[in-house]
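Colleague: Sequential numbering from 750 applies to the sequence shown in our numbering.
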Amino acid sequence: MIIALLLAAQTIPDCADERIAMAQMADAIEQRYVLEDKALSAASRLREQSEAGQLDQHCDDPKAFAQKLTTYLRTQMEDDHVYVEYAPESAGSGDNDWLEEWRADAAGRGFGVKKIERMDGNIAYLHLTDFYELDMMRDSLAAAFQLVESSDGLILDLRNNPGGSPETEWPVQWTFMKAGAPLPLRRESRSGSLPDLEEPDITWPRYGTDKPLIILVNRRTFSAPEAVAYSLQAQGRALVIGSASGGGANMLGDGVAVSGGWKIGVPEIRPYSPHTGKNWERTGIVPDIVSEDSEAIAKAQDWISGKLESKRAAP
């Protein structure tokens, strides 16, 4: 009997380090998360669950524990930007394993430009799968927008685009706006409004504001590409076709390193459209025309073709 109890005790993982880390994560959420009421309740709940041993699963496997905690926090906070990562080698550096892997794949993914096509009726199609940092993606975007510049209408496909850099999303928005136009998005933190972003210096041709623009989205469109779609839809510049997108608006701050080699990412900024006063957090982009993925391109072509025919028929 004694031997059995000793053996059983040896199989119970010691989660002391994880509980210390979770207490520090709770502090980070409480101090940093952009929505203060939710920050306080989420931090309190995390402390309670940790102290009660409800989150002890996988604490003998640091990476599995990080994934478990990520899932838990995203569910509790209803924010899919929150993450926990185990990366002791990068603790305090601001770097993330997944981020380095994503960057390493950039060349093989065309630096985010998957496909450019000229369709019947001089309609262009551009599929962007990622928003890498602007320094990495600038040349690919410049080439893409150069190729579509002379089209009479554009289908911008942002389906299955999981997000990326705000510094790239910002000039992509402005490609379809006039120079000097009112800012399409503003930002705020818990302390109040943040300084407005400046209009970007666009180094490729602007597509302009008069030609028909369709943006395609689906459930796997998330974060930065949602900003493009939401902003241009809110301005009346683009029509959105597809299904409701992922709903990730709140923007991450720098990762916070905690003891034990873990790191937590906490959204600290809320973007919003001055046209609606809102954003797409949790709701996603609501399409103007609902469509299955298999029919979205055809519907976009038909819509643009109709617009162009009406324009040509006008006196």
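Glycine included, every Cβ here is placed at the ideal spot set by N, Cα and C. Small disclaimer: the values here were computed from a predicted structure and weren't measured.
Between L875 and the rest of its own chain, which residues show a CB-CB distance below 6 Å, the 5 nearest in sequence each way excluded?
Modeller: I865, A893, V897 and L905
Colleague: Check whether the segment 812-830 and the segment 790-798 are in contact - that is, three or more C-beta pairs closer than 8 Å.
Modeller: yes
Colleague: Reducing DSSP to helix, strand and coil, say where S799 ends up.
Modeller: helix
Colleague: What span of residues does the beta strand (DSSP E) with Y979 cover, start to end?
Modeller: It is not in any beta strand (DSSP E) - Y979 instead sits in the alpha helix (DSSP H) that spans A973 to A983.
Colleague: Is it the case that the Cβ atoms of A973 and E1030 are separated by a distance below 8 Å?
Modeller: no
Colleague: From A930 to Q984, what distance separates their C-alpha atoms?
Modeller: 11 Å
Colleague: Please name the residue, chosen from Y782, W847, E849 and S790, that lies closest to V831 on a Cα-to-Cα basis.
Modeller: The residue with the shortest Cα to Cα distance from V831 is Y782.
Colleague: Out of W1052, I990 and L848, which has the shortest C-alpha to C-alpha gap to P911?
Modeller: Among W1052, I990 and L848, the Cα nearest to that of P911 is on L848.
Colleague: Give the single residue among R1019, L907 and A775 whose Cα lies nearest to the Cα of S938.
Modeller: Nearest option by C-alpha distance: R1019.
Colleague: For A891, which residues of its own chain have a beta-carbon under 8 Å away from its beta-carbon, when the five flanking residues on both sides are left out?
Modeller: T952 and W953
Colleague: If you draw a straight line from the alpha carbon of I1038 to that of S1054, how long is it in whole angstroms?
Modeller: 16 Å
Colleague: Just the C-alpha distance for G1010 and E838, rounded to the nearest angstrom, thanks.
Modeller: 8 Å
Colleague: From G957 to L877, what distance separates their C-alpha atoms?
Modeller: 19 Å
Colleague: Quick check: the Cα distance between Q982 and L988, rounded to an integer number of angstroms?
Modeller: 6 Å
Colleague: To the nearest angstrom, how far is the alpha carbon of R768 from that of S799?
Modeller: Cα to Cα, the separation comes out at about 6 Å.
Colleague: Please report the distance separating the alpha-carbon of N1028 from that of I1034.
Modeller: Using only the alpha carbons, I get a separation of about 9 Å.
Colleague: If I measure Cβ to Cβ from L818 and keep anything under 7 Å in the same chain, skipping five residues before and after, which residues do I get?
Modeller: L804 and V833
Colleague: Is D1051 buried or exposed, if buried means 16 or more other CB atoms sit within 10 Å of its CB?
Modeller: exposed
Colleague: I need the boundaries of the beta strand (DSSP E) containing S938, first residue and last residue.
Modeller: Run containing S938: R935 to S938, per the beta strand (DSSP E) assignment.
Colleague: Name the residue from I778, G913 and M868 whose alpha carbon lies nearest to the alpha carbon of E850.
Modeller: G913
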